[in-house]
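Presented below is the structure to which this report refers.
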């Protein structure tokens, strides 16, 4: 069974600083995809970034980058230049053969002025 | 706005009521999903539909009944729910086709409270 682990229930970061949110995964599949979603208090899950298991370069999307270390089975999200609006829950998820995403328990990020 | 719309946003229902949650997407996606998000738990996949056919059902109690009349609409019919069913119910859609892909968009969710 595929498993996603997010070990940080809560994180604090000061505005304009960078922050890394940890995610490790466990799978025996060779082909899989890794995702990060942001969930503000409104409830909507907002897609941030995607990394395929065969992608050689780390994914980047604006201020978001994914630090993908395949051998260590980790897919950490790095948010650079944090903004107050980044305060939210962040979920790491993995997709493998089949349709749906498996999610971790999430990390609550609070950005302080 | 992700292109996936859920209604209602909030719902309070008694244990003997019957209600339905609605999800609509106009992204041209072929797969739609229902997820349940309870407090302090990971998102739980409930149902998956691909091209209007149910392809996955994760041992969900029969008091939850999904319906997918076409590739743009997904319903979750609720009846005789329990208080522990109170949660945020999220709908999502993706291109589908039997393989995961890089697009999976969620609606804003329905916050359900069973009293």
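Chains as they are written, first to last, in the numbering used here: chain A, 34 to 146; chain B, 138 to 252. Beta carbons are placed, not taken as given, at the ideal position from N, Cα and C, and that holds for glycine. This one's a predicted model, so the numbers in the text were calculated from it and none came from an experiment.
message: Considering only DSSP beta bridges, list what residue 38/A is partnered with.
response: According to DSSP, residue 38/A bridges with 57/A.
message: Per the DSSP calculation, residue 156/B is bridged to which residue(s)?
response: 215/B
Chain B contact for residue 135/A (CB, 9 angstroms cutoff): yes
field: Which of helix, strand or coil DSSP assigns to residue 143/A
entry: strand
- request: Below 8 angstroms on the Cβ atoms is my guess for residue 150/B versus residue 230/B; work out the distance and round it to an integer in Å.
  value: The pair is not a contact, with the Cβ atoms about 25 angstroms apart (cut-off 8 angstroms).
field: Within 9 angstroms, strictly: CB atoms of residue 139/A and residue 72/A
entry: yes
Outcome for residue 178/B when other beta-carbon atoms lying within 10 angstroms are tallied against a minimum of 16: exposed
query: Alpha carbon to alpha carbon, what distance is there between residue 126/A and residue 160/B?
result: 22 angstroms
Three-state secondary structure assigned by DSSP to residue 225/B: In the structure shown, residue 225/B adopts extended strand secondary structure according to DSSP, grouped into three states.
task: To the nearest angstrom, report how far apart residue 134/A and residue 128/A are at their CA atoms.
output: 5 angstroms
message: the ligand ZN and residue 244/B: does any heavy atom of the ligand fall closer than 8 angstroms to the residue's C-beta?
response: As far as ligands go, the structure on display features none, and thus does not contain the ligand ZN.
- prompt: Got a sec: is the Cβ-Cβ distance from residue 76/A to anything in chain E below 9 angstroms?
  reply: Absence of chain E from the displayed structure is noted, the protein chains being A and B.
query: So which residues of chain B does residue 138/A contact, with C-beta pairs closer than 8 angstroms?
result: 177, 178, 179
- request: Determine the direct distance from the alpha carbon of residue 137/A to that of residue 210/B, and round the result to whole angstroms.
  value: Computed Cα separation, rounded: 27 angstroms.
query: Mind checking residue 144/B: buried by the 16 CB within 10 Å criterion, or exposed?
result: exposed
task: Could you tell me which chain A residues have their CB closer than 8 angstroms to the CB of residue 245/B, listed as they occur along the chain?
output: Counting only Cβ-Cβ distances below 8 angstroms, residue 245/B has contacts in chain A at 75, 76, 77, in chain order.
message: Please confirm whether residue 58/A has its beta-carbon closer than 9 angstroms to some beta-carbon of chain B.
response: Residue 58/A does not count as touching chain B.
query: How would you label residue 84/A, buried or exposed, when you count the other beta carbons within 10 angstroms and need 16 or more for buried?
result: buried
- prompt: Are residue 204/B and residue 214/B close, meaning C-beta to C-beta below 9 angstroms?
  reply: A distance below 9 angstroms separates the beta carbons of residue 204/B and residue 214/B.
- prompt: Among 91/A, 36/A, 49/A, 41/A, which one has its Cα closest to the Cα of residue 146/A?
  reply: 49/A
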